[in-house]
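Taking it in order: structure first as structure tokens, then the write-up.
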Amino acid sequence: MRENKAKKKLLLGETVFGVFANALSPELIEIMGISGLDFVMVDSEHSSSGPETNRLLNMAGECRGITMMTRVPDKQGATVLRYLDAGAQGILVPQVNTRQEAEAIVRAAAYYPQGMRGFTLPRNADYGIGVSAETYIAHNNENLLLAVQCENIAGVPNLDEIAATEGVDVVFIGPFDLTESMGIPGQTEDVRVKQVMEQVLAVTRAHKKYAGIFAVSAQQAKEYEKMGFRYIIVCTDLMLFGTALGNMLETLKK
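So that you can map any letter, position 177 of the sequence shown is 176 in numbering that gives the first Met the number 0, and since no number is skipped, the others follow by simple counting.
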């Protein structure tokens with residue numbers, strides 16, 4: 000069974016950096032693994048990938064030694080179960096706005112006594128080959144990295160309760176969705192957005208959890224790290240490819 004290297008680094012006080020995978024390309028995921036990234040987040044909210052596709056993408060990352068996680072398309076328990084059974088070592092759950100929602104996600108993702116996840120011996124249990132149920136359950140509950148998204152102003156009053164939820168590791172800001180819910184779409188530098196960032200940093204610090212955020216560039220990611228964010232997703236694979244292609248064409252046309 001695999002170790003969640005990204006979670007281990009967080010526990011050691013380090014910052015982890017990942018990329019959203021939207022292209023659904025096993026080769027690109029292999030390249031991200033070879034590059035030395037801490038994790039890949041397969042984006043099943045904003046791409047067409049389902050658990051069947053993700054199983055193969057997770058295999059591609061694992062063969063290169065990178066921690067594979069999934070942003071699930073919704074917060075339903077059955078959805079959480081299927082994407083975890085496909086081999087994700089962690090999940091990012093959109094639109095978590097109350098403590099009750101956070102607790103329901105923990106119940107769906109973790110096995111007893113932390114949760115009530117439906118039991119099988121999936122990929123993360125090596126399909127049960129040489130692994131007992133008891134060993135796998137303990138490994139999963141310790142290894143799982145659960146991140147919930149703060150991306151709606153409706154959830155901001157409940158941030159302290161969400162961060163306090165046992166089993167939640169990361170409160171992750173989705174800056175662009177947050178601005179939409181605030182009626183200021185795209186204005187991620189607005190002072191009101193900065194105030195939410197400070198709130199997330201404060202509540203995660205208070206409850207010994209981790210603050211996460213999406214960055215559009217490496218420079219912005221480093222700025223967020225200085226602020227105290229420790230779980231940072233930088234761009235998408237499509238954004239990175241488009242930027243690299245644009246830079247190449249600019250050079251060719253000079």
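Backbone N, C-alpha and C fix where the C-beta goes; we use that ideal spot for every residue, glycine too.
When you compare each of the options to residue i by their alpha carbons, which one comes out closest?
| i | options | result |
| --- | --- | --- |
| VAL95 | PHE19, PHE240 and VAL169 | VAL169 |
| SER216 | ARG70, GLY241 and LEU158 | GLY241 |
| ASP125 | GLN88, ARG106 and ALA101 | GLN88 |
| ARG63 | ARG1, ILE232 and GLU51 | ARG1 |
| LYS193 | THR78, ASN123, GLY173 and THR235 | GLY173 |
| ALA254 | GLU222, ARG229 and LYS221 | The question about residue 254 has no answer, for the chain in this structure spans 0 to 253. |
| LYS74 | GLN198, ARG106, THR52 and GLY60 | ARG106 |
| LEU237 | GLY12, ALA5 and ASP42 | ASP42 |
| ILE104 | TYR82, GLU197 and ARG54 | TYR82 |
| MET115 | GLU224, ASN142, ILE136 and GLY12 | ILE136 |
| ASP159 | GLY185, VAL190, GLU197 and CYS234 | GLU197 |
Quick one: what's residue i bridged to in DSSP?
| i | result |
| --- | --- |
| CYS149 | ILE172 |
| VAL92 | VAL147 |
| ARG70 | ASP42 and LEU91 |
| VAL15 | TYR230 |
Residue i lies in the alpha helix (DSSP H); which residues open and close that run?
| i | result |
| --- | --- |
| VAL215 | Careful: VAL215 lies outside any alpha helix (DSSP H) and carries neither H nor E. |
| THR235 | Note, THR235: premise wrong, no alpha helix (DSSP H); beta strand (DSSP E) at 230–235. |
| HIS138 | 132–142 |
| ASN57 | 50–61 |
| VAL195 | 190–205 |
| ASP84 | 76–84 |
Determine the direct distance from the alpha carbon of residue j to that of residue i, and round the result to whole angstroms.
| i | j | result |
| --- | --- | --- |
| ILE152 | LEU239 | 29 Å |
| LEU56 | PRO25 | 5 Å |
| VAL284 | LYS252 | Residue 284 is absent from the structure shown; the chain starts at 0 and stops at 253. |
| GLU44 | ASP37 | 21 Å |
| LEU23 | ILE65 | 16 Å |
| GLY245 | MET31 | 20 Å |
| GLU133 | THR187 | 45 Å |
| LEU145 | VAL71 | 11 Å |
| ILE183 | PRO50 | 34 Å |
| ILE33 | PHE16 | 14 Å |
| ALA108 | VAL155 | 23 Å |
| ARG122 | VAL130 | 11 Å |
| GLY86 | GLU100 | 23 Å |
| HIS138 | GLU13 | 22 Å |
| LEU165 | GLN113 | One detail in the question is off: residue 165 reads as Glu in this sequence, not Leu. Cα to Cα, the separation comes out at about 8 Å. |
| TYR223 | GLY117 | 37 Å |
| ILE149 | GLY60 | The sequence shown places Cys at residue 149, not Ile. Using only the alpha carbons, I get a separation of about 27 Å. |
| LEU177 | LEU80 | 26 Å |
| GLU249 | THR235 | 21 Å |
With DSSP run on the structure shown, which of helix, strand or coil describes residue i?
| i | result |
| --- | --- |
| ALA20 | strand |
| ASP37 | coil |
| SER180 | helix |
| LYS8 | helix |
| ALA108 | helix |
| ALA101 | helix |
| PHE118 | coil |
| ILE65 | coil |
| MET238 | helix |
| VAL155 | helix |
| GLU165 | coil |
| LYS225 | helix |
| MET247 | helix |
| ILE128 | coil |
| ASN123 | helix |
| GLY32 | helix |
| LYS252 | helix |
| GLU2 | coil |
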